[in-house]
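Chains as they are written, first to last, in the numbering used here: chain A, 237 to 387; chain B, 237 to 387; chain C, 237 to 387.
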């Protein structure tokens, strides 16, 4: 769901910011946000430039995956091995939110990605989708900021 | 090998896109693409700005490493521990391409990187190279999109 | 500590580069660099755009984490599992600097991040900080390049 748009132009350059929100479940839920990012690029009118995708919040992340259930399940298992939910986390001793594993997972994956725009389109491969991940241990309405710079 | 170039200018700004291709072997083969990215920056004439490097395709990735055989072998072993080839992958049950591990590895590493350009040069450290990785389980001609924005 | 600033303007666009340095200890020491990146954005005068953060050097990295001691300790343990210091590293056989684990860790995390700027502010979440990590096996003065593009 698009929740915000903003744009400016200067000397032929366009900067366009769109913000989307997605309701995701707890402990590794995902959304394929490719269509929304592509729509933001189309709406910006930018032909040549770069789209930056950023996830505000310390328990969310973004990456690219083939968005089919097998890959998503496989990726989830790999992430769970990296930072198992039931390990000891100092964060859980200091805070009472119990999401130490969520923070570690998000930090390993990272919150940002940049995709070139050429001919008005993202330069993604055929089977390559932009995937938002909620690592938090509770359902979250996650925001996605998409910033497009170009001409 | 450079396969495409495209550029526009607006109000003093330059946007330059170059695309390169590399023939890589199966299951973790790498290429040091630093010289090509640097050449793209030089050819763009951009003095101050940002170079975005993006790998189209769901089984490729980019990162920075010291490009010497020891580090590359060490990095390969770490990646193989993260997502062993012989584990169970749901993707391999659903599809017949057998590259479930390739998808997980690429998703963990990520397809993009952004490097500032200052004084017409990438702000890389002395021993820091931009490295393309093919994780697919078959040889691939991998594309690299380099988008330079600046003045 | 800010060590360098540089900026240009073209057709209403601003490009601003700031470089910071941080003295960090060996084998996983961290710095919260959020305030410095935010100050660089404020000083640039950019209202809408993108801030790219890049760590020159093959044994440093940047990510986002909630910067509290529990999360930092948890993240350190996860990283140490990914590439234990005492494993065999080919790099350590070929070179005499003994930091094979540092190279692998930095390559897994990556050297760059891009954060949108909206209303003159980084679009970070409340508990989300930009964190520099020194993975090297000796104390390092680490540089951070911050490139801001926008209007």
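We put the CB at the ideal spot given by N, CA and C, even for glycine.
What are the boundary residues of the alpha helix (DSSP H) that includes residue i?
{"i": "residue 384(C)", "result": "No alpha helix (DSSP H) contains residue 384(C), which is instead part of the beta strand (DSSP E) from 376 to 386."}
{"i": "residue 328(A)", "result": "326 to 330"}
{"i": "residue 334(B)", "result": "Segment: none, residue 334(B) is in no alpha helix (DSSP H) and carries neither H nor E."}
Shorter than 7 angstroms from the beta carbon of residue i to some beta carbon of chain B?
{"i": "residue 321(C)", "result": "no"}
{"i": "residue 263(A)", "result": "no"}
{"i": "residue 383(C)", "result": "yes"}
{"i": "residue 314(A)", "result": "yes"}
{"i": "residue 387(A)", "result": "yes"}
{"i": "residue 286(A)", "result": "yes"}
{"i": "residue 294(C)", "result": "yes"}
Report the partner residues of residue i according to the DSSP bridge assignment.
{"i": "residue 258(A)", "result": "378(A)"}
{"i": "residue 370(A)", "result": "265(A) and 296(A)"}
{"i": "residue 365(B)", "result": "301(B)"}
{"i": "residue 358(A)", "result": "353(A)"}
{"i": "residue 284(A)", "result": "354(A)"}
Counting only C-beta atoms, is residue i closer than 7 angstroms to chain A at any point?
{"i": "residue 279(B)", "result": "no"}
{"i": "residue 275(B)", "result": "no"}
{"i": "residue 352(B)", "result": "no"}
{"i": "residue 330(B)", "result": "yes"}
{"i": "residue 359(B)", "result": "no"}
{"i": "residue 306(C)", "result": "yes"}
{"i": "residue 283(B)", "result": "no"}
{"i": "residue 326(B)", "result": "yes"}
{"i": "residue 375(B)", "result": "no"}
{"i": "residue 356(B)", "result": "no"}
Counting only beta-carbon atoms, is residue i nearer than 7 angstroms to chain D?
{"i": "residue 310(B)", "result": "Absent here is chain D; the protein component of the structure consists of chains A, B and C."}
So what does DSSP say about residue i, is it helix, strand or coil?
{"i": "residue 313(B)", "result": "helix"}
{"i": "residue 291(C)", "result": "coil"}
{"i": "residue 344(A)", "result": "helix"}
{"i": "residue 251(A)", "result": "strand"}
Following the continuous beta strand (DSSP E) through residue i, name the residue where it begins and the one where it ends.
{"i": "residue 270(C)", "result": "Unbroken run through residue 270(C) is the alpha helix (DSSP H), 270 to 280; no beta strand (DSSP E)."}
{"i": "residue 350(A)", "result": "348 to 354"}
Do we get a CB-CB distance below 7 angstroms when we pair residue i with the residues of chain C?
{"i": "residue 349(B)", "result": "yes"}
{"i": "residue 441(B)", "result": "The structure shown does not extend to residue 441(B), since chain B is modelled only from 237 through 387, so no value can be given for it."}
{"i": "residue 299(B)", "result": "yes"}
{"i": "residue 255(B)", "result": "no"}
{"i": "residue 290(A)", "result": "yes"}
{"i": "residue 340(A)", "result": "yes"}
{"i": "residue 336(A)", "result": "yes"}
Item to check | At least 3 beta-carbon pairs within less than 8 angstroms: the segment 318 to 337 of chain A vs the segment 299 to 309 of chain C | outcome: yes
Next on the checklist: Can you confirm whether the segment 380 to 387 of chain C touches the segment 286 to 300 of chain C when touching is taken to mean that 3 or more C-beta pairs between the two stretches lie within less than 8 angstroms?
Outcome noted: Contact between the segment 286 to 300 of chain C and the segment 380 to 387 of chain C is established, with three or more Cβ pairs separated by less than 8 angstroms.
Checklist entry - Does the segment 350 to 366 of chain B come close enough to the segment 322 to 332 of chain A that 3 or more CB-CB pairs lie under 8 angstroms? => result no
Item to check | Any 3 or more C-beta pairs closer than 8 angstroms across the segment 362 to 371 of chain C and the segment 266 to 284 of chain C | outcome: Contact between the segment 362 to 371 of chain C and the segment 266 to 284 of chain C is present: 3 or more CB-CB pairs across the two stretches fall below 8 angstroms.
Next on the checklist: Between the segment 275 to 285 of chain A and the segment 342 to 349 of chain C, can you find at least three pairs of beta-carbon atoms closer than 8 angstroms?
Outcome noted: Counting Cβ pairs under 8 angstroms, fewer than three are found: no touch.
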